[in-house]
Amino acid sequence: MESVARSQSAAGPDAPASNDTTLIYRQSRWTRLTHWIWAISLFFMLLSGLQIFNARPQLYIGKQSGFDYNNTIFAIGAENTDAGTRGYTEIFGHRFDTTGVLGWSGPAGNETARGFPSWATIPSYYDLGTARVIHFFFAWILTTTLIVWLVASAVNGHLRRDLAPRLDDLKRLPQDIIDHAKLKFHHTREYNTLQKMAYGGVLFVLLPLMIITGLAMSPSMNSVLPFLNDLLGGRQTARTIHFTVMVLLVAFFVVHILMILAAGPINELRSIITGWYRTDPPTQGDNSTERSA
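Using the numbering used here, read the sequence shown as starting at 5 and increasing by one per residue.
#1: Please report the residue range of the alpha helix (DSSP H) in which residue 133 lies.
#2: Check the DSSP bridge columns for residue 34 and list the partner residues they point to.
#3: Would you report the Cα separation of residue 189 and residue 183, rounded to the nearest angstrom?
#4: Determine which residues share a DSSP beta bridge with residue 85 and list them.
#5: Could you tell me the alpha carbon to alpha carbon distance between residue 234 and residue 64, rounded to whole angstroms?
#6: Using 10 angstroms around the beta-carbon of residue 246, count the other beta-carbons present and answer buried if the total reaches 16, otherwise exposed.
#7: Closest to residue 263 by C-alpha separation, out of 193, 185 and 253, would be which residue?
#8: To the nearest angstrom, how far is it from the Cα of residue 10 to the Cα of residue 53?
#9: My guess is that residue 113 and residue 91 are in contact by the Cβ rule of under 8 Å, so how many angstroms apart are they, rounded?
#10: Going by other Cβ atoms of all chains shown within 10 Å of its Cβ, with 16 needed for buried, is residue 272 buried or exposed?
#11: Report the partner residues of residue 115 according to the DSSP bridge assignment.
#12: Rounded C-beta distance between residue 243 and residue 221? I'm assuming under 8 Å.
#13: Within a Cβ cutoff of 8 Å, which residues of the same chain sit near residue 181, ignoring the five residues on either side of it in sequence?
#14: What do you get for residue 46, buried or exposed, if any count of 16 or more other CB atoms within 10 angstroms of its CB means buried?
#15: Expressed to the nearest angstrom, what Euclidean distance is found between the alpha-carbon atoms of residue 169 and residue 66?
#16: In whole angstroms, what is the alpha-carbon distance linking residue 117 and residue 149?
This is the structure in structure tokens:
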């Protein structure tokens, strides 16, 4: 995910000798560090989480689950048919054949019944204990880093200055949508309205919701936060929300990567690796600060 906090100055500690005014120091070291910590943490949490999900590849709404209840909204499994064993995915009662990917997958002749395939999980073989250790380890890294980032960003003004949409941003939202639909990007220091909304949604809604639902699913947290489970509608509902947030984060990642490729991958990657970002040349007679792609 691209950083959500820009440098407060146009020059940084590693300023190049070039006098090119379109090259600005946009991402601070702290911003770049947290970006990659979150990216790595979410990667390992995703793949280990899918391994944990394979232990019971069903989702429910409510406090109970099992054969006696009709509250399953999502399920991955395998069934015997006249054509042999087939994998399926069922969503709100609608069943789809997903043989080879979900439910029934593996090398030809050695397929096994499992929710997500081995290439999408950590570890690739079934090991619930190892998956839980990896998942919780990176979950605490992400949680700690996010809390520190939120406090620091509130204190130094990054949240107010860089993420909070202003009235002018909201007025420009329709044009931003049109520009992005046409793949027309403005390479500038400021984030545009769509970026602020997307990054704000991830940092202030999706990630906190993932952390809260993760805590609600932990039996050891019942004595510490006894109200949390009931507030979310039960452990099974919390698990369903947790899974849904994961899907939304994956969707955000896909769109984010597509936007990077469309806006110029070299410039975008240089920004989040070195901090330096090339902006559009200023228009004659225009001294205003443009917004970025």
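Just so it is clear, CB atoms sit at the ideal spot from N, CA and C, and this is done for glycine as well.
Quick look at the numbers:
#1: Counting along the chain, residue 133 sits inside the alpha helix (DSSP H) bounded by residues 132 to 160.
#2: According to DSSP, residue 34 bridges with nothing at all.
#3: Here the alpha carbon of residue 189 sits roughly 7 Å from the alpha carbon of residue 183.
#4: In DSSP, residue 85 forms a bridge with 88.
#5: If you draw a straight line from the Cα of residue 234 to the Cα of residue 64, it comes to about 15 Å.
#6: With 16 or more other Cβ atoms within 10 Å, it is buried.
#7: The residue among 193, 185 and 253 with its C-alpha nearest the C-alpha of residue 263 is 185.
#8: Caution is warranted here: a pLDDT of 40 is assigned to residue 10, below 50, making its placement in the model unreliable, and no coordinate value can be reported.
#9: The Cβ separation is near 15 Å, so there is no contact.
#10: Answer is buried; the Cβ neighbour count reaches 16.
#11: Paired residue(s): none; residue 115 is not in a bridge.
#12: With a contact defined as Cβ atoms closer than 8 Å, residue 243 and residue 221 qualify at about 6 Å.
#13: Close CB contacts of residue 181 within its chain, under the 8 Å cut and outside five residues either way in sequence, are with 198 (chain order).
#14: Burial state of residue 46 is buried, judged by a 10 Å Cβ sphere holding 16 or more other Cβ atoms.
#15: For residue 169 and residue 66, the distance between alpha carbons rounds to 36 Å.
#16: Roughly 37 Å between the two C-alpha positions.
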